[in-house]
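Numbering (UniProt numbering), first residue to last: 1 to 389.
Glycine included, each C-beta is placed from N, C-alpha and C at the ideal position.
Here's the structure we're looking at; comments come further down.
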């Protein structure tokens with residue numbers, strides 16, 4: 001991988017729309033320019049070999065985003081230059097945290113679906129559960145329009161320093177036909193789809209959530225309640241089992257802990273399990289592992305086909321890259337891919353925010369609506385909006 005050591009804050013400062021940046025718990029990468037692009041995740045290893053064999057780059061890296069829908073085009077680029085730095089969490093200090101700044105308003109908001117319609121959709125999803133559909137993930141979207149072009153670089157910095165231990169990203173996308181100009185897919189995901197380093201693979205599925213609270217007693221209560229919730233543990237187990245089954249064909253050994261752990265972000269508590277494996281073939285590309293796992297039941301449901309059908313019936317919008325994957329890989333196949341949640345699609349003076357929740361037997365429509373509202377706070381706070389919309 002190209003190595004131009006610098007600081008995470010300098011990469012954040014250098015970022016501008018048209019570039020791609022991803023910060024993971026392992027490193028921070030900023031890509032500029034494009035030597036080659038593809039809309040097919042499966043083509044990435046071939047694209048990297050082609051760039052290297054042509055002598056354009058000795059150690060190329062591909063960075064990009066994969067959509068939720070299997071037949072929708074991805075967008076992956078081999079940048080002409082890649083700058084790397086240590087992870088954000090290693091460099092956070094008061095000066096860097098001070099880079100956070102609210103964006104100017106006012107903001108016009110349009111929910112899709114409206115809250116009551118989302119509650120109705122959750123109720124319909126619960127009624128459709130049975131032997132052929134164990135879980136479905138339903139999302140809602142919030143369209144925000146501001147007084148001028150959205151400052152994607154400032155949104156990125158706000159996200160980065162609020163949750164520096166996760167996966168913060170800003171991916172350059174092809175412009176929308178109706179909105180010319182830069183288009184940026186931006187977010188701060190807590191969830192690792194898969195990472196591959198040499199002969200080892202790691203996935204960290206999350207499922208089961210509770211909102212954080214500014215009241216320490218309430219916050220601790222929410223965490224304890226989540227850890228003891230039979231409904232959330234059942235939802236979490238469905239995801240862990242699917243991830244294990246997805247990785248098993250590639251591995252000679254797989255370690256799947258029997259009990260989930262609690263992890264927290266600035267806005268949410270989650271149940272978390274780290275699934276690790278020894279690869280039978282150390283040359284297995286990370287993109288092949290990502291293709292095998294995407295989408296997990298954490299963002300789609302189970303069985304996958306039935307869950308996709310339910311989503312198409314019950315969600316009144318196209319998810320685009322939301323609940324897809326974002327990440328990078330080098331020519332050896334090593335890389336990291338995060339689940340594309342806690343994110344927004346920015347073009348011009350508007351952005352589309354997304355949040356969803358897993359619907360299983362026992363799900364309550366009002367609680368599910370509250371969960372999506374809590375998850376939307378990640379991006380709302382990055383804009384400087386500290387209220388529910």
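Practice item. Using a threshold of 8 Å, state whether the C-beta atoms of residue 137 and residue 300 are closer than that. Key: What you label residue 137 is simply residue 137 of the chain shown in a count that begins at 1. What you label residue 300 is simply residue 300 of the chain shown in a count that begins at 1. Yes, the Cβ-Cβ distance between residue 137 and residue 300 is below 8 Å.
Review point. Is it true that the CB of residue 103 sits closer than 8 Å to the CB of residue 146?
Key: On the chain shown, residue 146 is found 146 positions in, with the first residue counted as 1. On the chain shown, residue 103 is found 103 positions in, with the first residue counted as 1. Contact flag set, yes.
Practice item. Sort out for me which residues DSSP pairs residue 19 with in a bridge. Key: Working through the chain shown from its first residue, we reach residue 19 at position 19. BP columns for residue 19 point to 17.
**Study point:** Inter-residue CB distance, residue 199 and residue 279 (contact presumed, cutoff 8 Å)
**Key:** Counted from its first residue, the chain shown places residue 199 at position 199. Counted from its first residue, the chain shown places residue 279 at position 279. Contact flag correct, Cβ pair sits at about 5 Å.
Check your understanding: Any contact of the region 25–42 with the region 65–81, i.e. 3+ C-beta pairs under 8 Å?
Key -> yes
**Study point:** Buried or exposed by the 16-neighbour rule on C-beta atoms within 10 Å, applied to residue 58
**Key:** For the purposes of this step, residue 58 is identified with residue 58 of the chain shown, where counting begins at 1. So residue 58 counts as exposed.
Check your understanding: Alpha carbon to alpha carbon, how far is residue 295 from residue 69?
Key -> Numbered from 1 along the chain shown, position 295 holds the residue referred to as residue 295. Numbered from 1 along the chain shown, position 69 holds the residue referred to as residue 69. Answer to the nearest angstrom: the Cα atoms are 9 Å apart.
Review point. Under a Cβ-count criterion, where at least 16 other Cβ atoms within 10 Å of its own Cβ denotes burial, should residue 217 be classed as buried or exposed?
Key: Stepping through the chain shown from its first residue, residue 217 is reached at position 217. That one is exposed.
Exercise for review: Can you give me the Cβ contacts of residue 332 inside the same chain, cut-off strictly under 7 Å, excluding the 5 residues immediately before and after it?
Suggested key: Within the chain shown, numbered from 1, the residue matching residue 332 stands at position 332. So no residue of the chain qualifies.
Check your understanding: Assuming residue 359 contacts residue 126 under a Cβ cut-off of 8 Å, what Cβ separation, rounded to an integer in Å, is found between them?
Key -> Within the chain shown, residue 359 is the residue found at index 359, counting from 1. Within the chain shown, residue 126 is the residue found at index 126, counting from 1. Their Cβ separation, rounded to whole angstroms, is 6 Å, which keeps residue 359 and residue 126 in contact under 8 Å.
Check your understanding: Is residue 247 near residue 134, with beta carbons less than 8 Å apart?
Key -> The sequence position of residue 247 within the chain shown is 247, counting from 1. The sequence position of residue 134 within the chain shown is 134, counting from 1. No. Outside cutoff.
Practice item. Tell me whether the beta-carbon of residue 156 lies closer than 8 Å to the beta-carbon of residue 165. Key: By one-based count along the chain shown, residue 156 stands at place 156. By one-based count along the chain shown, residue 165 stands at place 165. Taking 8 Å as the Cβ cut-off, residue 156 and residue 165 do not qualify as a contacting pair.
Practice item. Indicate whether the contact test is met: 3 or more Cβ pairs, each with one atom in the region 115–125 and one in the region 43–56, closer than 8 Å. Key: no
Practice item. Tell me whether residue 40 sits in a helix, a strand or coil according to DSSP, three-state version. Key: Locating residue 40 in the chain shown gives position 40, counting from the first residue. Note: residue 40 maps to coil in three-state DSSP.
**Study point:** Start-end ranges of the alpha helix (DSSP H) lying completely within the region 122–172, minimum 4 residues
**Key:** 152–162
Review point. What are the residues that DSSP puts in a beta bridge with residue 270?
Key: Start at 1 with the first residue of the chain shown, and residue 270 comes out as number 270. DSSP output for residue 270 lists 209, 263 as bridge partner(s).
Review point. Taking just the CA atoms, how far does residue 208 sit from residue 372?
Key: As a working mapping, residue 372 is identified with position 372 in the chain shown. As a working mapping, residue 208 is identified with position 208 in the chain shown. Going by the C-alpha atoms only, they are around 12 Å apart.
Review point. How long is the line joining the alpha carbons of residue 254 and residue 271, rounded to whole angstroms?
Key: Locating residue 254 in the chain shown gives position 254, counting from the first residue. Locating residue 271 in the chain shown gives position 271, counting from the first residue. For residue 254 and residue 271, the distance between alpha carbons rounds to 20 Å.
Check your understanding: What span of residues does the alpha helix (DSSP H) with residue 298 cover, start to end?
Key -> The sequence position of residue 298 within the chain shown is 298, counting from 1. Where residue 298 is concerned, there is no enclosing alpha helix (DSSP H), given that its DSSP letter is neither H nor E.
Check your understanding: Hey, is the region 367–386 in contact with the region 324–338, meaning 3+ C-beta pairs nearer than 8 Å?
Key -> no
Point to revise | residue 318, buried or exposed, once every other Cβ within 10 Å from all chains shown has been counted against 16 | key: Translated into positions along the chain shown, residue 318 becomes position 318. Counting Cβ neighbours within 10 Å, residue 318 comes out exposed, since fewer than 16 surround it.
Review point. By the 10 Å Cβ neighbour count, where 16 or more other Cβ atoms means buried, how is residue 75 classified, buried or exposed?
Key: For this step, residue 75 is matched to residue 75 along the chain shown. Answer is buried; the Cβ neighbour count reaches 16.
Check your understanding: Is residue 100 near residue 162, with beta carbons less than 8 Å apart?
Key -> By one-based count along the chain shown, residue 100 stands at place 100. By one-based count along the chain shown, residue 162 stands at place 162. In contact: residue 100 and residue 162 (Cβ atoms closer than 8 Å).
Review point. Looking at C-alpha atoms only, which residue of 361, 388, 241 is the closest neighbour of residue 275?
Key: Working through the chain shown from its first residue, we reach residue 275 at position 275. The candidate whose alpha carbon is nearest that of residue 275 is 241.
Check your understanding: Leaving out five residues before and five after residue 350 in sequence, what residues of the same chain have Cβ atoms less than 6 Å from its Cβ?
Key -> Looking up residue 350 in the chain shown gives position 350. The residues are 145.
Practice item. Name the one or two DSSP bridge partners that residue 185 has. Key: For the purposes of this step, residue 185 is identified with residue 185 of the chain shown, where counting begins at 1. 171, 345.
Exercise for review: Jot down the residue ranges of each uninterrupted alpha helix (DSSP H) in the region 51–104, minimum 4 residues, whole runs only, in chain order.
Suggested key: 94–97
Review point. Where residue 173 and residue 21 are concerned, what is the direct C-alpha to C-alpha distance, given to the nearest angstrom?
Key: Locating residue 173 in the chain shown gives position 173, where the first residue counts as 1. Locating residue 21 in the chain shown gives position 21, where the first residue counts as 1. Going by the C-alpha atoms only, they are around 12 Å apart.
Review point. Is residue 179 buried or exposed, if buried means 16 or more other CB atoms sit within 10 Å of its CB?
Key: Within the chain shown, numbered from 1, the residue matching residue 179 stands at position 179. By the 10 Å Cβ count, residue 179 comes out exposed.
Check your understanding: What number of angstroms, rounded off, separates the C-alpha of residue 344 from the C-alpha of residue 226?
Key -> Here residue 344 refers to the residue found at position 344 when the chain shown is read from its first residue. Here residue 226 refers to the residue found at position 226 when the chain shown is read from its first residue. C-alpha separation (whole angstroms): 27 Å.
Practice item. Report the residue from 388, 387, 383 whose alpha carbon sits nearest the alpha carbon of residue 154. Key: On the chain shown, position 154 is the one that residue 154 refers to. Nearest C-alpha to residue 154: 383.
Exercise for review: Please classify residue 221: is it buried, with 16 or more other beta-carbons within 10 angstroms of its beta-carbon, or exposed?
Suggested key: Within the chain shown, the letter at position 221 stands for residue 221. Residue 221 should be labelled exposed.
Review point. DSSP beta-bridge partners for residue 9?
Key: As a first step, residue 9 must be located in the chain shown, where it is residue number 9. Its beta-bridge partners do not exist; DSSP assigns none.
Exercise for review: State the beta-bridge partners of residue 194 as determined by DSSP.
Suggested key: For the purposes of this step, residue 194 is identified with residue 194 of the chain shown, where counting begins at 1. Answer by DSSP bridge pairing, in chain order: 337.
**Study point:** Residues that DSSP places opposite residue 386 in a beta bridge
**Key:** On the chain shown, position 386 is the one that residue 386 refers to. DSSP lists no partner for residue 386.
Point to revise | Span of the alpha helix (DSSP H), counted from its first residue to its last, around residue 26 | key: Looking up residue 26 in the chain shown gives position 26. From DSSP, residue 26 is part of no alpha helix (DSSP H); its letter is neither H nor E.
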